[in-house]
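K.L.:
Okay, so the sequence shown: first residue is 1 according to UniProt numbering, each after it adds one.
Can you keep this structure in mind? I'll have questions shortly.
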Amino acid sequence: MDSAFEDEAEHTVSIQEYLKDVEDQELEADLVLGGDEGKECTYNNGYMKRQAIFSCLTCTPDGNAGVCTACSLSCHDGHEIVELWTKRNFRCDCGNSKFGEFFCKLFPNKDVENVENSYNHNFKGSYCTCGRPYPDPDVEDQVEMIQCCVCEDWFHEEHIGLDSSDEIPRDEEGEPLYEDFICKGCSVICSFLRLYSQNILAAGSQKDSSVNTGKDKEVLGDVTLACGSGKLENDISHSSNNISEPVSGEEGLLLGENSGKNIGSDQCTTDANSQVTCVLGVNLVDASPVLECKPLFLSKNWRDALCRCEKCNEFYEQKHIRFLLDKEDTIMEYEKMAKQKREEKLQQQEGAELTMLDKLGHVEKIEILNGIADMKDELRSFLDSFDPSKAITSDDVHQVFENLAKKRRRVE
């Protein structure tokens, strides 16, 4: 019987636990929002490299528009909002032609449409190949999802196209050993990454997926389309920035002098005639191979290994994947920037408090310092007399401040 009353007892936390929880929540919000305080519409910033985006299903039930943090708070308060975490190269749609007669309160003078924006089924609140929402109302225990760094969709581990989730590279504690993930659909166009050997693939994954390249100018015979048609399975195929379908039917790829070497952090080399030489020795523009259609798990700093020669750059442009070369495109860099902004904001707050104190007169300073001392004394007195086996209630807190007020009145 006693255990039943214990279960019904109010959950209590210590002051340290409460403050730590508040700090963690603030940090998590800053990481998602990129340090954006949500005061101004980001439209004037153009197609931002990365920002937090929200979809309002109340205003755009077709899921064909996205709004910035400030607009989600000021213009769509009380609406059905889908949090999309972050999107790359996106410009705020709030109040444009997709919203009918609805106007943006913060920046109404927008173009009728942001033609460079990309949208997928996430904007409708659907994720993964299964198209389920997150959190899923039909599932008791929500499982973490993995985001593809190309299409930016989120996937359940059991739906990414592996025979077992054990194939996902993790350490003994279950923490991921990879920096980025590319889904099965996007691996069609990104299968050229396997030409970089195992250097950029996370340890413990795709053990048999690398291509064995040989001597100088060896021909890699008949590349097989391992995925059938090779079409992308994601909704980004309908966007203006969609990833093109791979070119199939090539008789083979001509591999150059670097093809059999381990490709690491070194990028394109320069020959005796000062011409940039491709580290792959493969003309990806003329021959776009689909080596294997399986999800890719990429190791730390894998972007540094990518070739930046003229032909490879042309290939990235054609396939709309040039962002793969940009380290600032990554979520890690985005969160790093957010942490830096948070630290700067905290330092500014501390500086503002010190500046305010410096501007006060001598009497005001003494009064503030005395007030702080009185607060410390009252809290110390309360904690010394309080039974640690009991929980602190709101009445106890009110009593502390009432005692402080009485002491203040006596002094006056």
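By construction, the Cβ of each residue, glycine as well, lies at the ideal position given by its N, Cα and C atoms.
Predicted model only: the values in this text are computed from it and were never measured.
Which residue marks the beginning of the beta strand (DSSP E) containing I53, and which one marks its end?
P.N.:
Counting along the chain, the beta strand (DSSP E) containing I53 begins and ends at 48-56.
K.L.:
Buried or exposed for H398, going by 16 or more other Cβ atoms inside 10 Å?
P.N.:
Exposed.
K.L.:
Under three-state DSSP, which class holds K87?
P.N.:
Strand at K87.
K.L.:
Identify, in the order they occur along the chain, each residue of the same chain with its Cβ nearer than 7 Å to the Cβ of C92, setting aside the five sequence neighbours on each side.
P.N.:
Excluding positions up to five away in sequence, the list reads C41, T42, Y43, V67, C68, C71.
K.L.:
Does the region 112-120 come within contact of the region 82-97, defined as at least 3 CB pairs closer than 8 Å?
P.N.:
Yes, the region 112-120 is in contact with the region 82-97.
K.L.:
Three-state secondary structure (DSSP) at R303?
P.N.:
Residue state, collapsed to three classes: helix.
K.L.:
Around the Cβ of K319, are there at least 16 other Cβ atoms within 10 angstroms (buried) or fewer (exposed)?
P.N.:
Counting Cβ neighbours within 10 Å, K319 comes out buried, since at least 16 surround it.
K.L.:
Where do the ends of the beta strand (DSSP E) carrying L193 lie?
P.N.:
Run containing L193: none; DSSP gives neither H nor E here.
K.L.:
Tell me whether A203 sits in a helix, a strand or coil according to DSSP, three-state version.
P.N.:
In this structure, A203 counts as coil in the three-state DSSP scheme.
K.L.:
How would you call A405, buried or exposed, if buried means at least 16 neighbouring beta carbons within 10 angstroms?
P.N.:
So A405 ends up on the exposed side.
K.L.:
Quick one: measure Cβ to Cβ for R132 and F323, integer angstroms, because I've assumed they're closer than 8 Å.
P.N.:
The Cβ separation is near 27 Å, so there is no contact.
K.L.:
Out of A65, G63, L57, L84, state which residue places its alpha-carbon closest to the alpha-carbon of D77.
P.N.:
When only C-alpha atoms are compared, the closest one is L57.
K.L.:
Cα separation between E158 and S164?
P.N.:
Looking at the two C-alpha atoms, the distance is approximately 8 Å.
K.L.:
Could you say which of K105, T129, G125 lies nearest to S55 if we only look at CA atoms?
P.N.:
Measuring from the Cα of S55, the nearest candidate turns out to be G125.
K.L.:
Which term fits V150, buried or exposed, when burial requires 16 or more other beta carbons within 10 angstroms of its beta carbon?
P.N.:
Counting Cβ neighbours within 10 Å, V150 comes out buried, since at least 16 surround it.
K.L.:
When you compare the CB positions of E328 and V285, do they come within less than 8 Å of one another, or not?
P.N.:
Taking 8 Å as the Cβ cut-off, E328 and V285 do not qualify as a contacting pair.
K.L.:
With respect to the beta strand (DSSP E) encompassing L296, which residues constitute its N-terminal and C-terminal limits?
P.N.:
Its beta strand (DSSP E) spans residues 296-298.
K.L.:
Closer than 6 Å by C-beta to A65: which residues in its own chain qualify, once you throw out the five before and the five after it? Chain order, please.
P.N.:
The residues are D93, K98.
K.L.:
Cutting at 8 Å between CB atoms, please list the residues of its own chain near P108, excluding the five before and the five after it.
P.N.:
Closer than 8 Å at Cβ, skipping near neighbours: G95.
K.L.:
Which two residues bound the contiguous beta strand (DSSP E) that contains F102?
P.N.:
Counting along the chain, F102 falls outside any beta strand (DSSP E), and DSSP gives it neither H nor E.
K.L.:
Among K339, E378, L383, whose alpha-carbon lies nearest the alpha-carbon of G35?
P.N.:
When only C-alpha atoms are compared, the closest one is K339.
K.L.:
In angstroms, rounded to a whole number, what distance separates the CA positions of H238 and R303?
P.N.:
Model confidence at H238 stands at a pLDDT of 37, short of 50, so the residue's coordinates are unreliable; what they give is reported in the following sentence. Each residue's Cα considered, the two are about 27 Å apart.
K.L.:
Taking 8 Å as the cut-off, decide whether the C-beta atoms of F181 and Q142 are in contact.
P.N.:
Contact flag unset, no.
K.L.:
Quick one: what's got a C-beta closer than 6 Å to Y134's C-beta in the same chain, skipping five residues either side?
P.N.:
Counting only Cβ-Cβ distances below 6 Å, and skipping sequence neighbours, we find Y127.
K.L.:
Could you check the C-alpha separation between I168 and F297 for me, to the nearest Å?
P.N.:
Taking the straight line from one Cα to the other gives about 8 Å.
K.L.:
When the Cα atoms are used, what is the spatial distance from K300 to A202?
P.N.:
So the two alpha carbons sit approximately 8 Å from each other.
K.L.:
Quick one: Cα of M145 to Cα of P295, how far?
P.N.:
Approximately 14 Å, taken between the alpha carbons.
K.L.:
If residue 424 sits next to D153, beta carbons under 8 Å apart, how far is it from one beta carbon to the other, in whole angstroms?
P.N.:
Limits of the chain in this structure are 1 at one end and 412 at the other, which puts residue 424 out of reach.
K.L.:
Taking all protein chains shown into account, decide if F155 is buried (16 or more other Cβ within 10 angstroms of its Cβ) or exposed.
P.N.:
Classification for F155: buried.
K.L.:
For the candidate residues S197, M375, C75, whose alpha-carbon lies nearest to that of L106?
P.N.:
Ranking the options by Cα distance to L106, first place goes to C75.
K.L.:
Whole angstroms are fine: how far does the CA of F192 sit from the CA of residue 413?
P.N.:
Here the chain comprises residues numbered 1 to 412, so residue 413 is not present and cannot be evaluated.
K.L.:
If you check the beta carbons only, do R170 and L177 fall under 8 Å apart?
P.N.:
A contact, by the Cβ cut-off of 8 Å.
K.L.:
Let's test the definition: count the other Cβ atoms within 10 Å of the Cβ of V190 and tell me whether it reaches 16, buried, or not, exposed.
P.N.:
A small fix is needed here, since residue 190 is Cys in this sequence, not Val. By the neighbour-count rule (16 or more Cβ atoms within 10 Å), C190 is buried.
K.L.:
Rounded to whole angstroms, what is the Cα-Cα separation between C227 and E179?
P.N.:
Here C227 scores only 47 on pLDDT, less than 50, and its place in the model should not be relied on; the value that follows carries that caveat. Cα to Cα, C227 sits roughly 25 Å from E179.
K.L.:
According to DSSP, is R409 part of a helix, a strand, or is it coil?
P.N.:
In the structure shown, R409 sits in a helix (DSSP, three-state: H, G or I).
K.L.:
What three-state label does DSSP hand Y127 in the structure shown?
P.N.:
Strand, per DSSP.
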